[in-house]
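Going left to right, the sequence shown walks through residues 96 to 285 as this note's numbering numbers them.
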Amino acid sequence: MAATREQLGATAGRPHPLLFGTILFLASELMLFGGLFAAYFTLRAMAAAWPPPGIRLEALEPALATAVLVSSSLTIQAGIRALLRGDAVRFRRSVALTLLLGTAFLGSQVRGWLTDGFGIASGAYGTLFYAMTGLHGLHVLAGLVLMLVLLGRWSLAPPPASEAAEAVGYYWHFVDVVWLGLFTTLYVIR
96 MAATREQLGA
106 TAGRPHPLLF
116 GTILFLASEL
126 MLFGGLFAAY
136 FTLRAMAAAW
146 PPPGIRLEAL
156 EPALATAVLV
166 SSSLTIQAGI
176 RALLRGDAVR
186 FRRSVALTLL
196 LGTAFLGSQV
206 RGWLTDGFGI
216 ASGAYGTLFY
226 AMTGLHGLHV
236 LAGLVLMLVL
246 LGRWSLAPPP
256 ASEAAEAVGY
266 YWHFVDVVWL
276 GLFTTLYVIR
């Protein structure tokens, strides 16, 4: 038997504990990524040339992958809205499409890692590039796993409350926003 919002301490004007916990978790993740951005910009300011000579990043495929990831934020949100309206079929389809888009983004990121022509041992730039994009890639992978769990839970009868889907949506939007910062930093500003 699922606990009601009142049993969990959620009342009018107070968020559900799962959503509050998700927001706190994402705040801590924001600090983690903030530290990586601070390290990147500190080293960039201290370097004579940044990125170092010999490192050339193509931005076209990552730009297309960025568009795919941003569109996945729209599909997960559409799924959550469908769920809140009681449309479980549209919810499942939207989450499945989000899974597909997220997997395509992650595949593009892995392909880039294999073809960029430099590695994590290529000095400070390589270390930070792979730490930042690798950590983000792990977050994308975690989001994909969460969506699989979400779809599995919604195949049960009766389905669980919508707060789990909302929490996964918050997480996925966070992953997208972090990538926009990474893409801008690594591929646009350089």
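We put the beta carbon where it would ideally sit given N, CA and C, even for glycine. Just so you know, these numbers come straight off a predicted model, no measurement behind them.
Quiz item: Do you know how far the Cα of T222 is from the Cα of F269?
Solution: 23 Å
Quiz item: Along the chain, where does the alpha helix (DSSP H) that runs through R176 open and close?
Solution: Residue range 155-179 is occupied by the alpha helix (DSSP H) that includes R176.
Quiz item: Where do the ends of the alpha helix (DSSP H) carrying A140 lie?
Solution: 112-141
Quiz prompt | Per-residue DSSP class, three states only, for S189 | solution = Shown here, S189 sits in a helix according to DSSP, grouped into three states.
Self-check item: Where the alpha helix (DSSP H) through G276 begins and ends
Solution: 258-278
Quiz item: Whose C-alpha, out of G108, Y220, S203, is nearest the C-alpha of M141?
Solution: Y220
Exercise. May I have the straight-line CA-CA distance separating V240 from T193, to the nearest angstrom?
Key: 12 Å
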